[in-house]
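Just so we're aligned: the sequence shown equals residues 23 to 112 in this note's numbering.
Cβ atoms here follow ideal geometry from the backbone N, Cα and C, with glycine treated the same way.
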Amino acid sequence: MDRFLSNTVSRIDAKGRVSVPAHFRAVVQKRGYSELYALRCLDLPAMDVGGLDLLDRYEQRIAQEDPFLQTADDMSFFCHGDGTFLKLDQ
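Given below as structure tokens:
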């Protein structure tokens, strides 16, 4: 399947890298991603990682909120302040 639908536990090596499992690498390669978007999970000690479409979905959700309410500000801070792009080794 051409989706990120799973979870995995990976260790961080001495250089600060994480190995991407083979089934995720296959999706990354098929979609032509050069980087991934990562965001900490709010309720678990984990990271949510996906393609740039993951960030797009967060931004679409933020756009539905009243920009003058705290909810929109909190959501924006969460996905833009805590999120980061991960470069992939080629």
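Contact test: Met97 Cβ vs the ligand FAD heavy atom, cutoff 7 Å: Judged by which ligands are present, the structure shown has none, so any question about the ligand FAD falls away.
For Gly72, three-class secondary structure by DSSP: strand
Opposing strand residues paired with Ala60 [DSSP bridges]: Val71 and Thr106
Residue burial classification, Leu58 (beta-carbon count within 10 angstroms, cutoff 16): buried
Val40 (DSSP reduced to helix, strand or coil): strand
Val50 to Ser56 span [Cα, whole Å]: 8 Å
Whole-angstrom C-beta distance between Val40 and Ser28, which should lie under 8 Å: About 15 Å; that fails the 8 Å criterion.
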